[in-house]
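Colleague: Once you know that position 3 of the sequence shown is 17 in the numbering used here, the rest is easy, because the numbers rise by one and skip nothing.
For each residue, glycine too, the CB sits at the ideal point set by N, CA and C.
Because the structure is a prediction, the values reported are computed rather than measured.
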Amino acid sequence: MKMSPHPNIQEIALAVEAAGADALVMINSFGPCMGIDVETGLPHMGSQTGYGWLSGRAIKALAVRCIFDAARVVKIPIFGVGGVASGRDAAELLMAGASAVQICTEAILKGPSVYGKIAGELNDFLDSHGYAAVRDIIGLTVRKMRDRSVRTFAVPPVVDPARCIGCGNCVRSCPYQAIRLQEKVAVIDSVECFGCGLCISRCPVQAIGFPKA
Ligand SMILES: Cc1cc2nc3c(=O)[nH]c(=O)nc-3n(C[C@H](O)[C@H](O)[C@H](O)COP(=O)(O)O)c2cc1C
Ligand code: SF4
Ligand code: SF4
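As C-alpha cells, then:
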C-alpha cells in the first residue's frame, strides 16, 4: 500500500495493516505545492492548476519520520522512498525502519544510472562502518531509540570541552542566547537555556549532548 505523508501516520499504517496489506511503501510526494517564476508571474509547474507535488531532497526528513513512526507499530515490511540521492540517504531510510529503498526523483533528474551508483555507495557505507549486510542497519534507529522517554521539563545540555572546536555554530543558533564562547570553548548558561536541543543538532563535532540519565 502506497502511503502519503501524514502527521498521524501510525494510526493509518495500523489500519492499512489490519485491512490486509502485505507491505507499506512510504512516502508519496507531498502537496499540492506551488512555486512562481517571479520573472513572468506564472507558476513553475506546467500543470493547468499550477500546482505540483513536492518530492526529492526536500521531503527526505518527512519520509524518514514517517518510516520511523510506522516501523515502530507495524509488523509488515516497509519500502522507504523520499529524497534518496546517495548511499548515505538510503542508509538513513533503512535505519529508520525500511527493509528496502526506492528512488524516483533522483533518477528523473540524472537518469537510470543513479540506481547502480547509489547501491554501490550503500555497499561502501556498510563496509566503511563495519556492517556485514544491509539487514544490520534495518531499523537500527528504532532499536536505539526504544528506551528514550519523552521529557516534559527542560534539561540544559552539557558541552564536552575536549571535543569543542570553538566554531561558534551553537552560539549563533541558540534562540535564547544561552551560549557564549569562553576561551574558544562553548559555555551554556543553564538559567537562560530552554532545553530545546538545537545546539546539539548544530554542533559539527558532537561536542554537546544532553546529560546521560
Ligand atoms: C513525476 C513524478 C510522478 C510520480 N507518479 C507517481 C505515481 O503515479 N504513483 C505513485 O504512487 N507515486 C508517484 N510518484 C511519487 C514517487 O513514487 C515517490 O513516492 C516520491 O516522489 C518520493 O520519492 P523521491 O523523492 O525518490 O521521488 C511520482 C513522483 C514524481 C516526481
Ligand atoms: S538547548 Fe536550546 S536554549 Fe539551551 S543552549 Fe542549546 S540551543 Fe540554547
Ligand atoms: S558548535 Fe560544538 S564545536 Fe562549535 S562552539 Fe559549539 S560546542 Fe563547540
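Identify whether GLY182 lies in helix, strand or coil by the three-state DSSP scheme.
Modeller: coil
Colleague: For ALA29 and GLY182, what's the separation of their Cα atoms in angstroms?
Modeller: Going from the Cα of ALA29 to the Cα of GLY182 covers about 47 Å.
Colleague: Thinking C-alpha only, which one of LEU154, GLY144, PRO170 and PRO21 is nearest ALA77?
Modeller: PRO21
Colleague: For ALA227, is the classification buried or exposed, using 16 other Cβ atoms within 10 angstroms of its Cβ as the cut-off for buried?
Modeller: exposed
Colleague: Does the Cβ of ILE50 lie closer than 6 Å to at least one heavy atom of ligand 2?
Modeller: no
Colleague: On the criterion of 16 or more Cβ atoms from any shown chain inside 10 Å, does THR166 qualify as buried, or is it exposed?
Modeller: exposed
Colleague: From which residue to which residue does the alpha helix (DSSP H) around ILE122 run?
Modeller: 119-124
Colleague: Indicate whether the contact test is met: 3 or more Cβ pairs, each with one atom in the stretch 180-197 and one in the stretch 146-165, closer than 8 Å.
Modeller: Verdict: no, contact absent.
Colleague: When the distance is taken between beta carbons, is LEU107 closer than 7 Å to VAL115?
Modeller: Yes, these two residues count as a Cβ contact at 7 Å.
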